[in-house]
Structure formats: C-alpha cells, structure tokens
Amino acid sequence: MNTSTEDLAEFRAEVRRWCREHVPADWRRAQTVAGDAEFVAFQQAWFQELRTGGYAVPHWPAEWGGGMPAAQQVVLYQELAAHDAPRLVLGFVSIHHAASTLLAAGTDEQRARHLPAILDGEIWVQGFSEPEAGSDLAGLRTTARREGDGFVVDGQKLWASGAAHADWCLLLARTDPAAPKRRGISYFLMDMRSPGLDVRPVRNAAGESHFCEIFLNGVVIPAENLVGPVNQGWQVAQATLSAERGMTMLELAERLGNAGFRWLVEACRGPAPGGGRLVDDPRVQDRLAELETEIAGLRALCLGLVERHEAGTAGPADASVVKLYYSELLQRTMDFAVEVAGLPAHTELRKPASSGWESGAWVLDFIGSWEWTIPGGTSEIQRTIIGERGLGLPREPVVPA
Amino acid sequence: MNTSTEDLAEFRAEVRRWCREHVPADWRRAQTVAGDAEFVAFQQAWFQELRTGGYAVPHWPAEWGGGMPAAQQVVLYQELAAHDAPRLVLGFVSIHHAASTLLAAGTDEQRARHLPAILDGEIWVQGFSEPEAGSDLAGLRTTARREGDGFVVDGQKLWASGAAHADWCLLLARTDPAAPKRRGISYFLMDMRSPGLDVRPVRNAAGESHFCEIFLNGVVIPAENLVGPVNQGWQVAQATLSAERGMTMLELAERLGNAGFRWLVEACRGPAPGGGRLVDDPRVQDRLAELETEIAGLRALCLGLVERHEAGTAGPADASVVKLYYSELLQRTMDFAVEVAGLPAHTELRKPASSGWESGAWVLDFIGSWEWTIPGGTSEIQRTIIGERGLGLPREPVVPA
Amino acid sequence: MSAGPGTAGAAGASTPQDVDDLRELHRELRDVARDMLRKTAGRTGDDEAPVPVDWSLLAGSGWLGLEVPEELDGAGATFAEVAVVLHEIGRAAASSGYLGSAVLGVGALRLLEPGAGRDELLAAVAAGEQRLAVALPAGDDVTIPFHVRPATPGDAPGAGGGARVDGTAGFVLDAAEADQLLLVALDPTGVPVVVRVRPDDPGVTVTGQPVVDETRSLGAVTVDGAVVDAGSVWQFGTDPQESVRRLLDRAALAVACDCLGLAEAMLEATVDYAGTRRQFGRPIGSFQAVKHACADMFVRISVGRELLAAGVAAVASDDPQAGVAVSRAKSYVCVAAVDVAGRAMQLHGGIGYTWEGGVHVYLKRALLGRALFGAPAAHRARLAARFAEPADDPLTE
Amino acid sequence: MSAGPGTAGAAGASTPQDVDDLRELHRELRDVARDMLRKTAGRTGDDEAPVPVDWSLLAGSGWLGLEVPEELDGAGATFAEVAVVLHEIGRAAASSGYLGSAVLGVGALRLLEPGAGRDELLAAVAAGEQRLAVALPAGDDVTIPFHVRPATPGDAPGAGGGARVDGTAGFVLDAAEADQLLLVALDPTGVPVVVRVRPDDPGVTVTGQPVVDETRSLGAVTVDGAVVDAGSVWQFGTDPQESVRRLLDRAALAVACDCLGLAEAMLEATVDYAGTRRQFGRPIGSFQAVKHACADMFVRISVGRELLAAGVAAVASDDPQAGVAVSRAKSYVCVAAVDVAGRAMQLHGGIGYTWEGGVHVYLKRALLGRALFGAPAAHRARLAARFAEPADDPLTE
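Sequence order for the protein chains is A, B, C and D. Residues in the first sequence are numbered consecutively from 1, following full-length UniProt numbering. Residues in the second sequence are numbered consecutively from 1, following full-length UniProt numbering. Residues in the third sequence are numbered consecutively from 1, following full-length UniProt numbering. Residues in the fourth sequence are numbered consecutively from 1, following full-length UniProt numbering.
If you want it as structure tokens, here you go:
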C-alpha cells in the first residue's frame with residue numbers, strides 16, 4: 001500500500017464517505033443516558049460496524065486483519081474524530097494491550113485462540129495495579145502458586161478498567177516471592193469466568209464506575225495461559241508497552257486535535273457572556289493558538305513514535321514522553337475549556353458513554369484527565385523514566401530497608 | 001512611635017520631601033559608565049546621605065540608630081523606590097547580614113567595635129560558599145586550626161559578593177574536621193586586610209564582577225573574632241537567616257512593586273511596534289494584572305514575615321517561602337519585560353551600578369535574576385526546606401556513602 | 001501547618017491591643033467552627049449527595065447574624081468574622097445555605113436604607129427563622145438581571161401602588177432553600193434597587209440548577225410579571241451603583257475565602273497522605289517530586305492568604321478602593337485553589353482519583369468557585385483598567 | 001541523546017528509499033558540521049568577545065551555496081539541508097555570517113526573477129566571494145522599511161534612468177560584514193521589490209547595533225537618497241507580497257532551527273553536569289528536582305523538534321500554507337529554548353551563573369532569537385486569525 005499524497009487523499013475520501021454513511025446519528029444523546037447494557041451493546045455493534053469497514057484493527061498485522069500504514073491510520077483517526085464517531089472504549093484493551101501482548105509474546109495457540117475472538121467481540125481487562133503497587137509495580141503482592149498443571153492465584157487487583165464486562169484478563173502475579181522485586185513476576189491470560197473471582201466496581205472522581213477491583217481467591221489458571229517464560233512477566237509487560245503506546249496515542253492525539261480542540265474553538269465562536277465572541281478576545285486567541293500548536297506537536301510526536309517503532313529505532317523513553325506529554329496537554333486543554341465555558345459548563349452532569357476524553361462536558365472531562373496523569377505510571381514516574389532511561393541520569397540511590 | 005494611618009501619611013510626606021531634596025539627579029547615567037572607584041565613592045556618599053536623613057539603618061534597634069516600625073519602613077522603601085533612589089548595594093551585607101549576626105550572636109565588644117564602624121562606612125562581605133559547598137553548606141572544606149590565641153584559616157571561598165571592596169568578612173570555617181557535617185563549623189569575623197588573603201573577581205553571567213573568589217592561606221584570626229561558641233557556626237548562621245531575610249526583602253519587594261513594575265507599565269504605555277500601545281493589548285493587560293497581584297502578595301508576605309519575626313511567631317520555613325517566591329517572581333517579571341520590550345531591549349549593554357534588581361535594562365535584569373534563584377540556597381533547596389521544616393514531610397533518606 | 005500570617009484582617013482595630021484581641025476572637029471562632037463542621041460536614045445521604053449542615057446548628061451558632069447589628073439581636077461584628085466562618089466552611093467543603101443568607105442576604109440588607117421591613121428581616125435572618133437568597137449576576141456579565149416598573153391594574157387586580165418585576169437570573173446561590181428572595185433590579189429610571197419576593201409569589205419561579213459540584217445549591221430565578229407591594233421595593237442607602245458593586249465584591253470575596261479554606265484542607269490532606277503512603281520502600285513525601293510540589297502549594301496558599309486578608313480588611317472597613325484588593329484576592333486565590341486541589345488529586349495517586357477518596361469534592365468546588373462572581377480573567381481585566389493612564393499617586397500601597 | 005525524531009524534513013523525497021537517502025545525507029552533513037564547529041566556535045578574542053567562524057571555512061564547506069542551483073556552482077539542495085547547518089550553528093552558539101548570506105541572502109535572491117545580475121551574485125555568494133545581508137523587518141512590525149522612486153537629476157548628477165532609495169531598517173543580521181545589501185522595498189506603485197546597494201554607496205549608512213548576545217552581529221541600515229542604477233532594482237518572480245511573506249517565514253524558521261540546536265546543547269550540558277556534580281553525597285542528577293526538570297526539557301525539545309521538522313518540510317517544499325507550520329515552530333521552539341537555557345543555568349548552580357561557565361551565552365542567544373522575526377505572541381496571533389471563522393475543511397492535517 002502506498003502513502004503518497006494522492007493515495008492518502010483518495011483514502012480520506014473513502015473514509016469520509018464511510019463515516020457519513022455509518023456514524024450513528026445522535027448517538028451522544030442516547031449514550032448520555034445509557035445504562036450499562038445499552039453501552040455494551042452499542043460498543044459491540046459499533047465495533048462490528050468498524051470491522052465491516054475494515055477500520056476496527058488497522059494497526060494489527062495484515063495477516064490478522066490489519067496492516068494499514070501509519071499515515072493512513074492517521075487519516076482514519078482524523079476523519080473518525082472529525083465526524084464525531086463513537087470511540088471504542090470497551091474494546092480498547094482488547095485491540096491494543098491484549099493484542100500487542102499476544103503478538104509480541106504469545107504462543108501460536110494463544111494467538112489463534114484469542115485474536116479472532118477479539119475481532120468477534122471478546123473483551124479484555126488489564127490486571128496490573130494493586131493497592132500496594134500503584135506506580136511501583138515492583139510492589140506486586142498477588143501470587144500465583146504452581147499446582148499441578150496450572151497456577152493458583154490469590155490477591156487483589158485495582159483500577160481494572162472495564163473488568164465488569166471483561167471475558168479475559170491480562171494478569172501479572174508473583175510466581176517467585178523470594179526473587180528480587182521486579183523479578184519473580186509472571187504474565188497470565190486469565191478467564192474472567194473462573195471460579196474464585198469477584199469483581200466490584202469502584203466509582204471514580206468523575207462519577208463513573210468503569211474501574212473495578214478484582215478479588216482473586218484460589219483462581220486456577222491453566223499453564224498454557226502463561227505468556228512468556230515463568231518469572232519474566234515484568235519484562236513481557238515492559239516490552240509491549242512502547243508498541244501499545246504509540247498505536248493508542250495515534251488515535252487519541254487526533255481525537256484531541258480534531259474533536260476536542262475543534263469543539264473548543266467552535267464554543268469560543270458562540271456569543272460570550274458580556275457580548276461579543278470569545279474567539280475575538282486576544283487573550284483567548286493567544287491561548288487557543290498555543291494549545292493548537294502543542295496539539296500539532298503531539299500529533300507529530302505520536303506518528304513519529306509509531307514510525308520509529310516500526311523501524312526499530314524508538315528510544316527507551318519515547319513511550320513515556322508521549323504518555324506524559326499527552327496527559328498533561330489534555331489536562332491543560334480541558335482546564336482552559338472549563339475556564340472559558342464559564343458557569344454553564346458546570347451544569348453538564350454526565351458525559352456521554354462511548355465518547356472521547358474530551359466529550360464537551362468540560363468539567364467532567366477536566367476531572368477525567370487525571371485518569372491519564374495517574375494510572376499507567378503517574379506523570380512523576382514518567383519523568384523519572386525519561387530522566388533515567390532517556391537521558392541516562394543516575395538512578396535514585398537504593399535506600400537500606 | 002505610632003503607626004496609625006495619619007502618622008504614616010505624615011511620615012510619607014516627610015520622606016517624599018526628603019527624597020525630592022536628596023535623591024541625586026540623573027545618577028543613573030553616571031552610574032552606567034562608572035568605574036569601580038566612582039561606584040564605591042557614590043555608594044559611600046549615598047549611605048551617609050541616608051544616614052543624615054535617619055534612613056540608613058531603619059531596621060536596626062533604636063539604641064544603634066534604627067528603631068523604625070515595620071509599617072514605616074514599608075513607607076520609606078516605597079518612597080525611595082518611587083523616587084528612583086540609588087540602592088545601598090555596597091553596604092547591603094554590612095547593614096543586614098553583618099549587623100544581624102552581631103546583634104543576635106556577637107559579643108558586646110564586637111558590636112561596639114563594628115556597628116558604629118558600619119555606620120561610618122565599613123564594608124562587609126559574606127564568606128560562606130565554596131567550590132564544593134554550593135547549596136550544601138555541610139560540604140564546607142575551609143579549615144580554621146586553633147593556634148595559640150587565634151585560628152589559622154586555609155581554604156577558598158566563592159561567590160563572595162563585593163569582596164574586592166570589603167573591610168571585613170563573615171566567615172564560616174571548619175574547626176572540627178572529625179565532627180559530622182553540619183557540626184564542627186565555626187563563625188568568624190575576618191579582617192580583609194589580613195596577610196595570606198587573596199581576592200579575585202569572578203565575572204557573572206550578566207558581565208559584572210562583583211562576585212569574588214577569596215583564597216585563604218594561613219590567615220590568622222584572633223580568638224576574640226569568633227562569633228558564638230566554637231563548632232556552633234552553622235547554627236549561628238541559620239539563626240540569623242530568618243531575621244535578615246525579612247528585613248532585606250521588605251525593601252526588595254517595594255522596589256519590585258514601586259520601581260520595577262511601575263517602569264514596566266510605563267514602558268507598556270509607550271507606542272507599540274505595530275501601532276497602538278501595548279498597555280491596550282488585552283494579553284499584556286492580563287499579564288500585568290497577574291504580575292501586579294503577585295507583587296502585592298509578595299509585599300504583604302514580606303511585611304508579615306517582619307511582623308511575625310518581631311512577635312516571635314515566624315514559622316521555620318517562612319524565610320524560605322519569601323526567598324523562593326521573590327526569586328521566581330522577579331524572574332517571571334523580568335522575563336515578561338524582556339518579551340514585551342522587544343528587540344530594542346537587547347541593545348542595553350550595561351545596567352547602572354547602584355540600581356535595583358530591575359534596572360530597566362531588562363535583558364540583563366532577567367539574566368541577573370538567576371543571582372536570586374541560585375545563590376543563598378537554590379530554589380530547589382528552598383523547596384526542600386519548605387517541605388521538610390515548613391510542612392514536616394519526611395527527609396530524603398541518608399544514602400550509605 | 002498552624003494558622004499563618006494574615007488571618008482575616010483587623011478592620012476596626014486601631015491599637016495593637018485591639019488587633020491582638022481581634023486575633024484571639026478569630027482564633028476562637030475558627031476553632032469552634034472547625035470543630036462543629038468536622039462533626040457535621042461531609043456526610044452523604046442515601047442518594048450519595050452531600051447532606052447540608054443542619055440549619056438549626058447554624059442558627060444556634062450565632063454565625064447567621066454575625067454582621068447583624070446588636071440591636072437586632074445580631075453579633076454586631078464585621079465581614080472579618082464572617083470571613084473566618086466562610087474559610088472554615090470551605091475547609092470542610094460543607095454544604096450549607098450560609099453564603100446565601102448570612103453573607104449575601106445580610107450584606108444586601110445592610111446596604112439598604114434602614115427601615116422597619118428591612119430590620120425585621122435582618123433580625124429574622126440572624127435568628128435563623130428566614131433563609132435568604134440574593135439574585136445577582138453570578139458570572140462575568142454583571143448586567144443587572146431584573147427590572148421594576150409601576151404595576152397597573154392590567155398586571156394584577158388591585159395592583160395600584162405596587163410594582164411589577166420581570167427578569168431572570170441564573171446560578172443564584174441557595175435559591176431553592178430560600179424563604180425569601182432579594183432581587184437586584186433596576187427601577188424605571190435605571191437606578192438599582194432591591195426587590196423582596198417569595199418563591200411562591202405568583203410570577204416567581206425558582207428552579208434548581210444542579211451542578212457538578214454537589215456541595216453547592218444553585219438555582220435559576222425567573223420573575224415574569226410578579227407584582228409586589230411598594231414596601232417590598234427597597235432603596236440602597238448610599239450610591240446605588242456603588243452599592244451593587246460592593247455587593248458583588250462581597251460575593252466574590254466570600255467565594256475566595258471558601259477557596260482558600262479548601263486549598264488549605266487539600267494541602268494538609270496531601271501532606272498527611274505523603275507522610276504515610278509508601279512506594280519504592282519510602283514514604284512518598286520523602287521524594288522531591290512530592291515534597292517540592294507540596295512546597296509550591298504551601299507558597300501559593302501563603303501568598304493567597306495575604307491577598308485574601310487584604311481583601312477582607314478592605315471590605316470589612318468599607319474601603320472605597322476595596323475592589324482592587326477583592327479582584328486580586330479572587331483571581332489569585334481561586335486559580336490557586338484549583339491548582340492545589342488538582343495537585344492534591346495527582347499526589348494522592350490512584351486513591352485520589354476515586355470517588356471514595358473525596359479529593360474530587362474539593363476539586364469540583366474549587367472549579368465552581370473559580371467561575372462564580374467573575375472568572376480570574378474578568379477580575380484581572382478590572383485590575384488592568386488602572387494601568388491605561390498614570391495615576392495621580394502611583395504608589396501601590 | 002542521539003538524533004531523535006523528525007530530523008529536518010524530507011522535502012522532495014517521494015519514495016521510502018529517497019527518504020532514507022536524505023536522512024543519511026543529513027546525518028553526514030550534521031556530523032561534519034558538528035565536528036567543524038566544535039573546533040572553531042566558542043573562541044573569544046582579546047576583548048573577550050566571540051570570534052566568528054572563519055569565513056574561508058564556511059566557503060570551503062560548501063554550506064554557503066547549499067540552496068544555490070548546481071549550474072551556478074551551488075549544491076542544488078533545499079532549505080532542509082540549510083536547516084541542518086543552522087541547527088548545528090545554534091548548538092555551537094557559533095558566531096558567523098551564515099544567516100545573512102546563505103539563508104536570507106540566497107533565499108531572497110532565489111525568490112527573484114532570474115537574471116544575469118542575480119545569477120552572478122548567487123554564484124559569488126556560493127563561492128564565498130560576496131557576503132550579503134538582507135534588510136527586512138526584524139521584529140513584530142512587518143512594515144516594509146524602504147521605498148524606491150525614479151531618480152531625478154536633483155537626486156544625483158546623471159541619475160536619469162536610475163532609482164532613488166530611502167528608508168531605514170534596524171536589527172539587520174550580519175549587516176556590518178556584508179559586501180552587498182539587499183533592501184526589501186516598495187516601488188512607487190506599492191509593490192515589493194529588492195534593491196541591491198553597497199555599504200559604501202553614497203547615502204547608505206550601516207551602523208553596528210551591539211546587543212547583549214555577543215554571538216550575533218546586528219546593524220542598522222539607513223538609506224537616505226541613495227541612487228542606484230535600474231539594474232539594481234529587482235522584481236520578485238511570483239506574487240511579490242507572498243514572496244516577502246515567504247522570506248519572513250524563512251527568517252523566522254531559520255532562527256527557530258538555531259534555537260532548537262542551542263536548546264539541545266543546553267540539555268546535553270546539563271545532563272553531563274548533573275551526572276558528575278555531587279552534592280549531599282550523590283550526583284545531583286539522581287535527585288528528582290534535577291532529573292524531572294531534565295525530563296521536562298527533553299519533552300519540550302522533542303515536541304519542538306517535531307514542529308520544527310514540519311516547518312522545515314513546508315518551507316523546503318514551497319508549501320503555500322507553510323506560514324502555519326512556521327508560526328507554530330517559531331513560537332514553540334523559541335519559547336522552549338529560553339526556558340531550557342534558563343533551566344540549564346539554574347541546574348548548573350553557581351557555575352551556571354558565572355561568565356566562565358558559558359551558559360549565559362546560550363541564554364542570551366535564545367532570548368534574542370525569541371524576539372527576532374516575530375515574538376511568540378505575534379506568531380500566535382497570526383495562527384489565531386484562522387480561528388475566527390470555520391474553515392472549509394477544518395481538519396488539521
């Protein structure tokens with residue numbers, strides 16, 4: 001497939017056509033009041049719709065149904081954002097984290113078992129964080145004890161987004177309690193219908209309950225569901241992180257630029273409280289130009305990361321740079337949106353399910369932006385990673401216990 | 001002395017009268033091209049002028065020629081700034097650091113010897129920093145060896161502002177090399193005409209040479225010039241810090257508000273490059289209002305620190321709060337000044353000697369602002385002090401050597 | 001972190017002894033308020049929404065009449081004391097009708113010409129018998145929202161001698177719970193007046209406006225041809241335009257007091273958490289990333305406290321230049337409060353982002369506070385108007 | 001920190017192989033430049049002022065004619081290659097006339113209608129025989145500074161057929177060292193043209209304008225009734241207004257390239273220093289305050305590099321929409337460079353504040369770069385003009 005300017009223009013026209021025909025009209029209103037079941041049904045239906053168009057897993061290898069060049073993916077995500085298409089929220093872990101783990105470290109059997117299933121709607125959840133292991137995954141306490149042909153898992157997971165609807169879980173658990181902290185951890189695929197498993201939703205700061213606690217009491221995982229070698233789980237998790245990051249961010253950057261920021265500008269074109277329009281206020285203009293510039297930088301950064309990842313030239317901290325920058329830029333942008341939107345913004349009490357991180361319910365979007373600066377390694381942790389792995393600065397000395 | 005509104009208004013009128021009669025006309029031009037000798041002569045003359053007016057050492061105790069209530073000092077500094085009076089640059093360490101050390105920890109003999117001399121123009125320099133002890137004074141290597149009736153000092157001092165013109169030096173030197181880092185340091189008054197002493201100016205980033213290195217080779221200090229007990233020098237230095245800080249900042253805050261910021265606003269009232277005036281640009285207005293607000297906060301903070309210090313209720317990190325906040329606010333303000341002043345600001349190649357930290361030569365002023373964020377404990381160190389002493393957060397764990 | 005510098009002003013105090021007495025008084029008031037609010041604030045009901053502080057507790061505390069003259073059974077105190085209470089309510093992120101009744105309601109009434117109706121109402125508010133809300137501009141647009149004209153028989157049967165009121169105001173604090181509403185209105189000659197109506201008067205509609213911050217009660221007040229008797233249209237005691245400005249300044253400053261209180265609470269909670277939560281084998285507060293962020297919060301709060309104290313002193317002493325100090329305090333403190341609450345959420349890590357963790361309550365309240373009664377940019381624009389031409393006496397005192 | 005993403009553009013490359021070849025070419029160019037500049041830049045003379053890079057070295061390197069067509073003995077390359085050199089000159093904070101001659105001079109000449117005089121000059125510049133400076137607006141005000149009208153015998157004896165030039169331009173880069181000056185002027189009908197004069201022509205005055213940044217040479221060019229022959233008034237090849245805009249974009253972007261280079265150098269120097277300097281018994285780079293500040297510098301530079309690459313690609317390919325990418329790059333990179341150099345000074349501690357430490361050289365250069373050819377606010381205002389009304393195709397590609 002070529003990515004010349006002409007080919008991309010043609011592809012864009014094709015996606016535009018598709019979006020005009022397939023993006024559901026007025027889904028926002030319905031999803032704003034949707035219950036859980038409606039949300040799941042809508043997500044599954046939209047995923048299949050995208051799949052029919054060939055747009056569900058563009059980032060997967062061609063043999064599994066993807067194979068779209070990064071430049072085309074950018075166009076796809078731009079158009080989906082510009083046409084206000086629903087986002088794949090429920091299947092996010094499935095098509096990104098689960099798939100990239102299976103592709104990078106799974107067995108042929110695991111891939112054959114799960115990749116087609118994901119295309120058919122299998123939902124995954126990530127089971128990494130724990131109460132005592134937030135940013136410090138080395139503090140993981142969940143154990144997986146070898147027993148016969150499998151492992152028996154006990155422990156507790158936190159911040160497992162979407163666990164209530166998940167079929168499968170990417171699980172990190174400690175298989176060698178005696179090993180040093182980052183060693184002795186293994187990576188499993190866990191069936192969420194296993195006995196001994198209890199899922200409880202946790203309400204987040206924005207009032208949504210997609211995060212869950214997962215309680216694990218003697219859950220049995222067959223040995224064939226181990227990913228990579230025993231005790232190498234931390235390394236497996238790290239290795240897939242960079243790949244995931246680039247691909248997920250490609251979409252999110254275009255959403256921020258072509259949905260979130262565009263709505264913000266449109267909102268500023270409406271009448272301002274004291275008369276006139278906000279967009280004609282030089283203070284607002286200045287800030288909009290600054291944010292647009294930063295978002296343009298983000299978009300280029302994300303594309304660059306994907307390209308370098310494909311070329312095998314990505315730096316050891318590139319994924320952290322993108323995560324940190326996106327998180328804080330999202331937060332800054334939403335903060336500004338809250339400020340310019342004034343009091344009426346505070347009356348938006350629910351954001352539509354299936355929407356992006358910037359839904360237009362700016363106050364909730366701003367609060368939701370901490371879901372980016374905290375989970376998956378806080379901004380503070382990302383800065384440490386960038387300093388140490390990206391710049392080679394000396395590590396924090398180890399403190400005697 | 002009373003500080004009612006009426007009394008302050010009367011005092012203000014008196015200071016205004018004095019300023020109109022005594023502030024030298026057009027001193028800026030002369031001081032911009034002044035050589036070293038002219039600078040020193042001008043500073044000494046201005047100090048005596050202020051002394052005649054009763055304004056040289058308002059913060060000293062009444063018995064030594066001061067005794068002015070803080071509220072009056074504020075008025076004094078406001079008017080001196082508003083009338084663009086020269087600053088006491090050369091005598092700064094003498095009337096602040098030296099005096100407060102002598103008052104708090106000196107002997108009667110030391111006070112009687114030096115305080116009147118300072119009024120007569122005795123110049124002091126602070127000899128604290130060393131090449132290996134920048135922000136970490138505990139790393140001090142200069143030694144003072146007991147020998148007969150005195151101490152013999154060897155070592156090197158850095159960043160000694162004004163050492164080239166100084167008569168005396170406030171010196172920290174290690175008297176017990178075996179003691180833990182912050183112990184075993186003593187505090188001395190050192191005669192700068194002592195044999196074995198060599199002073200070399202160091203050019204700073206702004207191109208000025210008031211900083212000096214002091215080389216000490218077998219310099220003899222008589223025992224009577226010890227301040228406080230042997231090996232308690234670090235504590236003496238710390239104890240006087242808070243007092244100094246409040247008093248020095250009271251003046252600097254009013255300079256920033258009533259000289260620096262006012263000139264900045266005046267500059268913005270002139271014609272802008274593309275026509276119109278900068279002060280009518282809402283972006284500039286917004287930033288000016290923000291800076292003015294922050295400066296108002298600084299001024300109140302400084303007065304509060306002096307008052308709490310007098311009342312004995314100052315918090316353990318109050319001095320650090322003021323130093324950190326002033327430093328960074330000065331830097332932000334100068335940065336903005338450079339930006340709005342545009343290309344012409346870059347042609348100001350010298351700032352007038354005897355002027356404040358904001359002289360109107362904005363580029364040099366901006367660069368000079370690092371003299372506030374680095375020496376005397378960097379901003380990073382101040383944040384650590386605030387976190388640990390002000391908020392009681394746990395200290396950085398000690399690393400095994 | 002004990003009470004630092006600048007605990008709300010010393011207006012009216014002229015000797016050092018007076019100042020000390022007032023400080024002591026404020027300290028006591030603060031301790032009582034903190035204790036009471038700790039016990040009652042922060043509870044949620046079955047619907048998980050915050051339960052307001054019991055009105056009888058507020059009435060019993062005497063806080064409702066702090067600024068009501070002693071002869072009307074109030075405490076005869078000033079805004080300086082009200083500020084202490086507001087600050088504590090903010091610290092507790094308490095849900096209460098205090099702002100609507102005791103701060104805006106009493107504040108509006110005290111700006112009016114004295115009279116029997118007004119005095120009666122002041123006494124009733126002080127006693128907690130009547131709850132008020134004041135319908136005044138709540139955002140950046142300060143256009144007066146209501147209009148009054150003489151009523152004609154066409155407006156209502158027998159309406160002669162009365163007045164007809166029209167207009168609408170959004171985001172009116174504590175409107176839904178108010179027994180009486182004070183509408184800031186323009187009379188037919190364009191002079192601001194205050195009109196008293198009741199929520200159930202014909203033509204008056206009060207609609208709740210739920211906001212993301214569940215600790216605040218806001219409502220839209222729509223008045224469509226309501227007819228009131230002449231005794232319910234009240235004149236301001238002095239320059240009416242100036243009086244409206246003072247009322248708006250009071251509202252803005254009240255929100256700033258609240259915001260400083262909640263920022264302090266967030267810093268304290270963060271320091272506590274950082275001292276106990278361990279990661280990488282150490283309390284997280286020993287890491288510079290956390291420690292220095294807390295130090296920055298401390299600096300912001302220290303500066304905000306000084307600016308707020310200046311605003312409170314100016315308003316409490318009816319300083320004609322109070323607007324400058326108010327706009328400084330409102331713009332600085334409310335931005336700082338959002339930043340501090342946001343940092344608190346960040347430094348609390350995962351727990352900070354949960355509903356249970358409670359940090360979100362403060363962040364939402366701070367965000368609403370930033371928008372209420374003039375966004376920071378609006379207050380800065382007001383300050384900046386002074387820069388256009390040189391002042392007679394340019395000294396910033 | 002090796003060469004990261006987006007090393008200056010790939011304009012003109014249409015296949016992946018071309019892209020790879022171009023990357024390799026840029027890498028070589030960069031390595032040669034870095035090596036050469038390391039050896040020669042940063043030296044100071046007896047007066048402690050920086051010594052410019054030897055002109056013969058520049059001429060010998062072939063960099064002066066990178067954009068000069070091959071038939072005029074240039075390299076026939078594009079702005080993408082010039083950007084690589086500019087970036088390295090910035091990294092070294094080198095004093096050189098490269099910008100005036102090879103970037104602005106050649107850039108201006110290439111925008112003109114081809115002709116013998118122009119081509120001769122291009123060849124002479126490529127060979128290093130003639131040094132140029134271009135007098136164009138250097139600040140936020142982009143008013144064209146010179147005017148041309150037909151000369152009359154009153155202007156000079158025998159001036160018939162020639163042209164008279166008047167005007168003045170400040171802050172002209174490399175003016176004092178130029179053999180010839182290209183003045184951007186308006187002809188009598190208000191159409192922009194370029195006038196070639198020599199510094200010693202009657203009526204032409206070039207005055208040095210020393211600035212705090214000693215690594216740059218700036219001058220004021222005053223032309224008071226200078227008379228030139230008709231062959232020295234040159235027309236632009238395409239839309240003249242558009243051509244001036246492109247020249248200004250080129251100037252702004254060239255400064256941004258320089259600023260990114262110096263920011264990178266400052267980050268590297270800081271990382272080196274932080275890895276070796278010890279305080280409190282540890283390398284200071286192991287403290288989060290230092291480490292996280294370096295991480296922020298790295299992020300800023302990474303983002304700036306991408307924005308710059310987009311600008312360079314747009315200018316190199318004569319994209320008519322290049323202005324957007326240029327204004328983004330100029331505003332972002334030049335602000336970032338000042339911040340990075342400032343942080344570098346801070347993190348170097350005492351040594352960072354000495355003249356000897358050398359950080360100040362970079363900070364001063366960054367500050368001048370921020371102001372040259374449009375301050376960040378001016379470029380943002382230009383970007384913001386696009387927001388006023390919805391675009392036909394709103395996609396930001």
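Cβ coordinates follow ideal geometry from the N, Cα and C atoms, glycine included.
Within chain B, the residues placing a beta-carbon under 7 Å from that of residue 294 of chain C are 387, 391, 393, ordered along the chain.
Residues of the stretch 127-153 of chain D whose Cβ lies closer than 7 Å to any Cβ of chain B, in chain order: 138, 139, 140, 141.
Around residue 289 of chain D, the beta-carbon contacts reaching into chain C at under 7 Å are 288, 292. If you check the CB distance, residue 80 of chain C and residue 255 of chain C do not come in under 8 Å. Contacts with chain C at 8 Å (Cβ-Cβ) include residue 290 of chain B. Counting along the chain, the unbroken alpha helix (DSSP H) around residue 338 of chain C starts and ends at 322-347. With respect to the 8 Å criterion, residue 330 of chain C and residue 253 of chain C are classified as neighbours on the basis of their beta carbons.
Counting along the chain, residue 154 of chain A sits inside the beta strand (DSSP E) bounded by residues 150-157. In the three-state scheme derived from DSSP, where H, G and I count as helix and E and B as strand, residue 60 of chain A is classed as coil. Between the C-alpha atoms of residue 96 of chain C and residue 63 of chain C there is a straight-line separation of about 12 Å.
Near chain A, meaning a CB-to-CB distance below 8 Å, the residues of the stretch 331-355 of chain C are 338, 342, 345, 346, 349, 350, 352, 353, 354, 355. In the DSSP assignment, residue 309 of chain B falls within the unbroken alpha helix (DSSP H) covering 282-311. Interface annotation, residue 142 of chain A: not in contact with chain C, CB-CB separation never under 8 Å. DSSP places residue 357 of chain B in no alpha helix (DSSP H); its state is neither H nor E.
Contacts between residue 205 of chain A and chain C, judged by CB atoms closer than 8 Å, involve 345, 352, 353, 354, 355, 357, 359, 360, 363 in chain order. Considering only A:13, A:104, A:84, A:62, the residue with the shortest C-alpha distance to residue 355 of chain A is A:84. In terms of Cα proximity to residue 143 of chain C, the closest of C:184, C:112, C:128 is C:184.
Of all alpha-carbon atoms in D:126, D:181, D:138, the one lying nearest the alpha-carbon of residue 55 of chain D is that of D:126. With its beta carbon at least 8 Å from every one in chain A, residue 73 of chain C lies outside the interface. Using a CB distance cut-off of 8 Å, residue 380 of chain C counts as an interface residue toward chain B.
Interface residue (Cβ-Cβ distance to chain A less than 8 Å): residue 269 of chain B is not classified as such. Residue 316 of chain D and residue 78 of chain D do touch by the CB rule: their CB atoms are close to 4 Å apart, below 8 Å.
Chain B has no Cβ within less than 8 Å of the Cβ of residue 271 of chain D.
In the structure shown, the three-state DSSP call for residue 192 of chain A is coil. Beta-bridge annotation (DSSP): residue 226 of chain C is paired with C:165.
Residues of the stretch 324-338 of chain B that bring their beta carbon within less than 8 Å of a beta carbon in chain C comprise 324, 325, in sequence order.
According to the DSSP assignment, residue 31 of chain A belongs to the alpha helix (DSSP H) that extends over 27-32.
The straight-line gap separating the alpha-carbon atoms of residue 81 of chain A and residue 255 of chain A is approximately 5 Å.
For residue 189 of chain C, the closest C-alpha among the options C:42, C:60, C:134, C:240 is that of C:240. Contact annotation: in the stretch 277-306 of chain B, residues whose CB is within less than 8 Å of a CB in chain A are 281, 282, 283, 286.
Residue 90 of chain B and residue 22 of chain B do not touch by the CB rule: their CB atoms are close to 18 Å apart, not below 8 Å.
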